[in-house]
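2 is the number of the first residue of the sequence shown in this note's numbering; add one for each residue after it.
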Amino acid sequence: MSILGLKKKQPKTFKVKVSTMDAEMEFSCEVKWKGKDLFDLVCRTIGLRETWFFGLRYTVKDTYAWLKPDKRVLDQEVPKDSPITFHFLAKFFPEKVEDELVQEITQHLFFLQVKKQILDEEIFCSPEASVLLASYAVQAKYGDYDPNFHKPGFLAQDELLPKRVLMQYQMTPDMWEEKITAWYAEHRNITRDEAEMEYLKIAQDLEMYGVSYFSITQNKRDTELLLGVDAQGLHIYSPNNKLSPNKSFPWSGIRNISYSEKEFTIKPLDKKKEVFKFYSSQLRVNKLILQLCIGNHDLFMRRRKVDSIEVQQMKAQAKEEKARKKVERQILAREKQMREEAERAKEEMERRLFQLQDEARMANEALLRSEETADLLAEKAQIAEEEAKLLAHKAAEAEQERQRLEVTALKTKEEKRLMEQKMREAEQLAVKLVEQSERRLKEADHLKQDLNEAKDAERRAKQKLLEITKSTYPLIAAYSSPPPPPGPESPDMAVDVGSSIRMDFKDSDMKRLSMEIERERLEYMEKSKHLQDQLKELKSEIESLKLEEQQQAGLYSIRSYAEPPYIPHSNRNSAYMAQMAFYEEV
2 MSILGLKKKQ PKTFKVKVST MDAEMEFSCE VKWKGKDLFD LVCRTIGLRE TWFFGLRYTV
62 KDTYAWLKPD KRVLDQEVPK DSPITFHFLA KFFPEKVEDE LVQEITQHLF FLQVKKQILD
122 EEIFCSPEAS VLLASYAVQA KYGDYDPNFH KPGFLAQDEL LPKRVLMQYQ MTPDMWEEKI
182 TAWYAEHRNI TRDEAEMEYL KIAQDLEMYG VSYFSITQNK RDTELLLGVD AQGLHIYSPN
242 NKLSPNKSFP WSGIRNISYS EKEFTIKPLD KKKEVFKFYS SQLRVNKLIL QLCIGNHDLF
302 MRRRKVDSIE VQQMKAQAKE EKARKKVERQ ILAREKQMRE EAERAKEEME RRLFQLQDEA
362 RMANEALLRS EETADLLAEK AQIAEEEAKL LAHKAAEAEQ ERQRLEVTAL KTKEEKRLME
422 QKMREAEQLA VKLVEQSERR LKEADHLKQD LNEAKDAERR AKQKLLEITK STYPLIAAYS
482 SPPPPPGPES PDMAVDVGSS IRMDFKDSDM KRLSMEIERE RLEYMEKSKH LQDQLKELKS
542 EIESLKLEEQ QQAGLYSIRS YAEPPYIPHS NRNSAYMAQM AFYEEV
């Protein structure tokens, strides 16, 4: 019975899952816990002390709500799921992040939330500011830029720019990465906390930073408007323009905010100004607007007062922590520098060691080469000495040869002089033979002319004799007795005997003349042949002398010697040809 009674009892705990911007946590909560108990548990777990900026948000129907700290968790309109899901988010935003955010965990949570809002386009950001914010986000994640480590494409998996910016320009991911990396390289020596703070400093100047928007309608005309609640006050926007408010109510100028069901009333501090009223369609949204107005106004008034002891202690601790971390960073930077210098010195020593080893190896190789060179030079010196002796011997032989060649040259000159003399004599002889042949040719012409004249005279004599014989023969016949019988002593016989005698005389002369001419021709041919033999012998001797001098090592040359006078063949044989022509005619 007791066991069944225990089963029927309500459980004393329930499961809760809390999601922060970078982690998820699950807790087991007691049923009687209020919202403040769960919120304090989460803050203690993550080490957060600046709790007034944050809250636990949950989704209800088509909107969201913040967990109330003074009311039990299960008594609020939280989801009935198990575990119940809450989001630990910044509910209120500071006016100046560098002055109000003390803890690093606070800065980090704000950084992650604002970054997500920019990427989800809940906060409008220009392309230039988006690239700069992305470079600080990369610095916070990867540290200092190192071109040897951060190769092109290392940002391919990171979401750094809003989709609206990516679609606005026709640029490839590599081109965007190049632009972000150019800014990223400028942030050297900036820590993660400093990079996140720089990110928040830029983001807090954006028009939509820290503003919660709600749809409202204005009194009497049902004009749709937007109400913006932030750390500065309340702002009224047009539905299509969330950047520039039409009207603003700073917290310092608001005397009272109240609502009755769906009607909100804003009473200015200046009573002369008109009271502003607007309407919201949902009661839950009105409560949320009122919560945000009260929380932002309280923080606004708190900033204008002296910090509490807790905040002063937190700032002092944060200052000490920053100073300690700064010293640690300086020490770390100095150690890093010393380590880099030591590594560089080590690399330099290793390089120097390798260089010395190379130099030693090269010196050993040079020593071996020098020893080989010395041996080679000694061998070359020995060879040179032997060559010097040989050259001296050859020089002596060359001197002897030179002397011999000088003697030979003198002999050659003498022989040349004798040959030239012989050549001149041969030339003179040839000239004489030519003159003699010409003279013989002239004599042959005279003889031929005399022969022709003799033939003409003989013919005339024969003619004349015939005429005389014919004219005298009748007279002899008339005065003499009858002729005796023909016999050797007849007048006819006498005539024939005289003619035969004259003919015999002429034939003997011709034979004698022919014999003389033939004898002279033979003598001339013998002399001409003898002269040609002498010329050939002289020419062969000259050629042999030339060949011998060319073989005497080129010391003396006889190329300058002129060729022996050459008598044209027509002149040498002109007399012979003339005599032959005469003989043919004869």
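Beta carbons: idealized from backbone N, C-alpha and C, even for Gly.
Remember, it's a predicted structure, so these values are computed and weren't measured experimentally.
Tell me whether residue i sits in a helix, a strand or coil according to DSSP, three-state version.
i    : result
V17  : strand
V166 : helix
R305 : coil
R256 : strand
L75  : coil
Q205 : coil
F125 : coil
G499 : Any reading at G499 must be qualified, since the residue scores a pLDDT of 44, below 50, and its modelled position is unreliable; the value itself is stated next. If DSSP states are grouped into helix, strand and coil, G499 belongs with the helices.
P148 : coil
E348 : helix
E373 : helix
E51  : coil
Y280 : strand
Y214 : strand
M198 : helix
F40  : helix
Q171 : coil
V408 : helix
R189 : coil
W184 : helix
N242 : strand
V103 : coil
W177 : helix
M22  : coil
L603 : In this structure the chain extends from 2 to 587, so residue 603 is not present and cannot be described.
A66  : strand
V587 : Because V587 carries a pLDDT of 37, less than 50, the predicted location of this residue cannot be relied on, and the following value inherits that uncertainty. V587: coil per DSSP, three-state reduction.
Given residue i, which residues of its chain have a CB within under 7 Å of its CB, disregarding the five upstream and five downstream residues?
i    : result
K72  : K35, G36
A393 : none
D23  : L113
If you compare alpha carbons, which of the options is closest to residue i?
i    : options                : result
R193 : R352, H109, Q283, K471 : H109
C126 : K243, E521, L536, E51  : K243
E129 : P148, R370, K443, A204 : A204
P174 : E187, G211, E160       : E160
K268 : F54, E400, A375, G254  : G254
F55  : L102, V61, I217, T64   : L102
Y260 : N241, Q233, I290, L235 : I290
E122 : M209, E373, Y170       : M209
E105 : L442, E225, E322, E388 : E322
A141 : Q233, E195, L133, D376 : E195
T409 : E344, Q551, L207       : Q551
G211 : K117, H531, K390, E468 : K117
V276 : R405, F250, V115       : F250
T64  : R370, V74, P80         : P80
K152 : Q233, E179, L368, A138 : E179
M302 : P84, P95, V17, I469    : P95
D41  : I258, D446, A364, L68  : L68
K176 : H236, G154, Q158, P163 : Lys is not the amino acid found at residue 176; the sequence shown has Met there. The candidate whose alpha carbon is nearest that of M176 is G154.
K272 : S281, N257, Q283       : N257
P70  : R520, Q171, S239, G296 : G296
L270 : Q283, V286, R285, W252 : W252
Since I believe residue j is in contact with residue i (beta carbons under 8 Å), could you give me their beta-carbon distance rounded to a whole number of angstroms?
i    : j    : result
L546 : A427 : With 8 Å as the limit, L546 and A427 do not qualify as a contact, their Cβ atoms being about 16 Å apart.
E51  : T14  : At roughly 29 Å, the Cβ-Cβ gap does not stay under 8 Å, so E51 and T14 are not in contact.
F111 : L49  : So it is not a contact: roughly 11 Å between Cβ atoms.
S529 : L434 : 7 Å
L156 : I181 : 7 Å
V166 : F89  : Wrong, their Cβ atoms sit about 29 Å apart, outside the cutoff.
Q219 : L227 : So it is not a contact: roughly 11 Å between Cβ atoms.
E521 : R441 : 7 Å
Suppose the cutoff is 8 Å on Cβ atoms and the five residues either side in sequence are ignored; what does the same chain contact list for residue i look like?
i    : result
S213 : G229, V230, D231, L293
L75  : F15, V32
Suppose the cutoff is 6 Å on Cβ atoms and the five residues either side in sequence are ignored; what does the same chain contact list for residue i look like?
i    : result
A403 : Here the sequence assigns Arg to residue 403, which means Ala is not the residue at that position. The answer is none, since no qualifying residue turns up.
T86  : K18
T21  : F89
L368 : none
L235 : F250
Quiz item: Is the segment 138-146 close to the segment 181-188, with three or more CB pairs under 8 Å?
Solution: yes
Exercise. Check whether the segment 53-69 touches the segment 263-279, taking contact to mean three or more Cβ pairs, one atom from each stretch, closer than 8 Å.
Key: With the rule of 3 Cβ pairs closer than 8 Å, the segment 53-69 does not count as touching the segment 263-279.
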